[in-house]
Each structure stands twice: as C-alpha cells, then as structure tokens.
C-alpha cells in the first residue's frame, strides 16, 4: 500500500476525529515553526477547523503508547534499511527485507504524522553487524518481529482512542505476518503456539536493552512536555 | 500437545498476576445476554448497531468468532483428509488445525451454553487439491484477521486482550501459507478491518452454509 493508502486507512479508522485533530495540530505546529510569526493566520485557520470538528484530543497515555510504538518502529525500520543497504541479503530474504522495510518505514511515517511535535526523536542505533550477514539478519528479524507483536498486544487494551486502537490492531497483525515470514525464511515454525503472548513494556524494554541496538536514548524535547498531567 | 481448554490457564499462569484472559473470556459467557441461534446470517445484525463495549456485546461478537473458528477447523480437517497434502503444506495444515481447535475450544468455553451450533459446510474444490487449498486458506485466514481486527473497539478490554492473542496467530497462518504458495507473505503495511457483515459474507463465499 502506498502512503496515500495508509493515510486513507487512518482516515477511515478515525471515527472520533482524534487522529485528524492531532494531525491538524501537528501541521499547525510545523507550519508555525517553518514560517514563524507570518504563519499565524494559517495556523489559526487550521486550529479553527480542527476545533470546529468534535475536537477529541488524544489522551496523554495514548501519546505515550504511540511514542513507545514509534521507538519500536524506528528500530525495525532502521534495521531493515541498513540490511538492505549492506547488500548482504540475497534471494527471497532480500525480497522480504525490501517489502518489510518499506512497511516499517510507512509505520514510522504514520506515527510521526499522528504525533507531530509530540513524537520522540529517532534514537541512534548500532546493530552490531547483524545487518551484514544473512543468517544473523534473519535471526534478529525474527526476534524483532516477535517482540513487536508481543509489544503491540500488550498495549492494545490500554489504548483509549478507538481510532488509535484501530490503527494499532491493523499494524499488530501485520507485524505477526512479518514474524511468520522471517521465521519461515530462517527455517523455523512460523506459528508455534495457538495463543501469542503479550509482553509488558518493562519486559520489552529489558529485551531491547539487552541487544544494545539502541546506542542513544530518545528524549522528548523539553518544550513539548505537557504542562500538566492531570 | 493438545490441551483443549487448559491452554488458557497455562497461558494465564505464564502471564503472572494478570487475570485478564480466562476470567474475561469466561465472564463474557456468563453475562446474561439472550443470544439466539447464531447462524451466520444472524450475525448480519452485528456491526453498525454495536454500541459501547459490554459483556453482553462480547457474547454477540464471540458468536461471530465462533463461526470463524468452526469454519477453520472444518476446513483444515477436510483438506487434510481430501487434498492429498504433503511436505511443508501438510505440516502447515496440521499445525494450523491444532491451533484452530484450541481457539474453538476456548471460544466455546467462553460462551458456555450460549455457544451456537456448528454450521454446515460446502467447501467444494477448495479442499480437493493443494493449490486450491492454499488459495482458500489465505482467504480464510485473512478473513479471520480482518474479522477480529474489525471488532477490536467493540470488545471489552479483557476480551480484546484474549482476542489479540488469537488474531496474531491467524495472521501468522496467513503469512505462512502465502509463503508456501510463493506469494509475498505480508503484502500490506496495515491490515484493513472487516465489519461483521463483511466477515460473514466472506465465510459464506468460502462455503459456510447455515
């Protein structure tokens, strides 16, 4: 699917208008940054439009979960992009890495659009050679995809916005497809158990930390921290 | 290997303190909603009419899920008996059947006495040779994924947590059989949901007759 298709999906899923509103605010913010004070008029217009619609804002907890998902998507997207660029992959594995990489990049882009100025920055990654050889690549891809499935599953019931939930479950099952695909290419059973287990944020964090793939921690820009957490 | 219902218990224990899964799933069945004989056609009432999540609504949605799981079990059973599957494709069908039986048992247990009857099936050529089987399996698993995803916002959070453990396994099956069929295993960046009506229509097109 193209980015436009993804956008259309998010729009279709956006029954309560929260996503559009968040995006409108993000666009307003970036326009302001770009054009400075001169853009005040356009910014005001966008805000008016957004609040004219039922201005349901994303809950702080949803923003937090989306940022957590964004870090996992950054991790995956960077991993596949780097593997693709290394030129080490061949045959079906190279094809899968291209398709999956494009998808993970689309996920990153969608979350960035949703979160706008509230998005965490891309961390610095170091995949320690796993992107430069086919077997280590596949083994790592299996781990990252299984982790993403478990991570989304752990957060889905906590989401408050139905629009964000619709997007999250649609991504969750795609990550499961990726996991099965990478497992098949690696030569292990694509679907081991009848029930896939969720993973808590804590255990996902521990696992990611144990890989040392993230070499610099993302931080929210101070000025974008919420004024209060009421 | 087959532990019909205890699976959820084992699973829950592994989750530690969480009491979400089994209680939620069983709680849905215990809710006092009156559910009529759940044939696929009746499921057409689901969808637009849905309101805020409730245990009673979970029961209605679980009836759709039950139909999906009945269909998958019947489909894989018939294909294993009639499609002369061999090698990797046979292994896939056996694994998938094992999973679907466990899903079916869990959903049946959740619904208890409210569980609808098994529909009749007419899969035709779809279970008669490996190529046709793989094509139909892709469709069936995709319907399961889209059907579950389409109900996510309609379920109570506890039942959603359990459904999420099933839907990703259906997605794995879909990718697995696509890879075996020589197709791109995950062709879309996001899975589009189906309404209950669309899922029911998809099941009918595959041969569910109720």
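Protein chains in written order, with this note's numbering: chain A, 4 to 233; chain B, 4 to 213. All C-beta atoms in this analysis are idealised placements derived from N, C-alpha and C, irrespective of residue type, glycine included. Owing to the predicted nature of the structure, the values given are computational and were not obtained by experimental measurement.
- Here residue 192 of chain B is near residue 106 of chain A, since their CB atoms are less than 9 Å apart.
- Sorting B:130, B:208, B:179, B:190 by C-alpha distance to the C-alpha of residue 91 of chain B places B:179 at the top.
- Rounded to whole angstroms, the gap between the alpha carbons of residue 161 of chain B and residue 161 of chain A is 10 Å.
- By the C-beta density criterion, residue 123 of chain A is buried, having at least 16 other C-beta atoms within 10 angstroms.
- At a cut-off of 9 Å between C-beta atoms, residue 176 of chain A counts as an interface residue with respect to chain B.
- Against chain A, a Cβ distance below 9 Å from residue 61 of chain B picks out nothing, because the smallest value is about 13 Å.
- Residue pairing from DSSP places residue 212 of chain B in a beta bridge opposite B:123.
- Between the segment 144-163 of chain A and the segment 174-187 of chain A, the count of C-beta pairs closer than 8 Å reaches three or more; the two stretches touch.
- Between residue 109 of chain A and residue 179 of chain A, the alpha-carbon positions lie close to 16 Å from each other.
- Interface flag for residue 54 of chain B against chain A is unset, since no Cβ pair is found closer than 9 Å.
- Taken atom to atom, the span from the alpha-carbon of residue 154 of chain B to that of residue 199 of chain B is near 8 Å.
- Between residue 141 of chain A and residue 73 of chain A, the CB-CB gap reaches or exceeds 9 Å.
- Proximity of chain B to residue 111 of chain A at the Cβ level (cut-off 7 Å) is not reached, the minimal Cβ distance being about 11 Å.
- Looking only at B:211, B:176, B:209, the smallest Cα-Cα distance to residue 97 of chain B is reached by B:176.
- Ranked by how close their Cα comes to the Cα of residue 125 of chain B, the residues B:67, B:174, B:79 have B:79 in first place.
- For residue 92 of chain B, the nearest beta carbon of chain A is not closer than 9 Å to its own beta carbon.
- Bounds of any beta strand (DSSP E) do not take in residue 177 of chain B; it lies within the alpha helix (DSSP H) bounded by 160-183.
- Cβ contact annotation for residue 81 of chain A (same chain, cutoff 6 Å, sequence separation greater than five): 128, in chain order.
- Distances from the alpha-carbon of residue 90 of chain A to those of A:79, A:190, A:136, A:118 put A:136 closest.
- For secondary structure counted as the alpha helix (DSSP H) over 4 or more consecutive residues, the segment 118-186 of chain A holds these complete runs in sequence order: 137-158.
- At least one C-beta of chain B is nearer than 9 Å to the C-beta of residue 168 of chain A.
- Against chain A, the CB of residue 172 of chain B has a partner CB under 9 Å away; the residue lies at that interface.
- As DSSP reads the structure, residue 219 of chain A sits in a beta bridge with A:127.
- Of all C-beta pairs linking the segment 104-118 of chain B to the segment 55-74 of chain B, three or more are shorter than 8 Å, placing the two stretches in contact.
- Between the alpha carbons of residue 94 of chain A and residue 183 of chain B lies a gap of roughly 15 Å.
- Contact residues of the segment 184-197 of chain B toward chain A are 187, 188, 189, 190, 191, 192, 193, 194, 195, 196 (C-beta to C-beta distance below 9 Å).
- The contact set of residue 98 of chain B on chain A, defined by CB atoms closer than 9 Å, consists of 192, 193, 194, 195 in chain order.
- Between residue 169 of chain B and the set A:198, A:78, A:103, A:164, the nearest pair of CA atoms involves A:198.
- By the CB criterion at 9 Å, residue 62 of chain A and residue 126 of chain A fall outside the cutoff.
- Between residue 136 of chain B and residue 55 of chain B, the beta carbon gap of about 41 Å keeps them out of contact (Cβ cut-off 8 Å).
- At least one C-beta of chain B is nearer than 9 Å to the C-beta of residue 183 of chain A.
- In this structure, DSSP gives residue 64 of chain A a helical state, which the three-state scheme calls helix.
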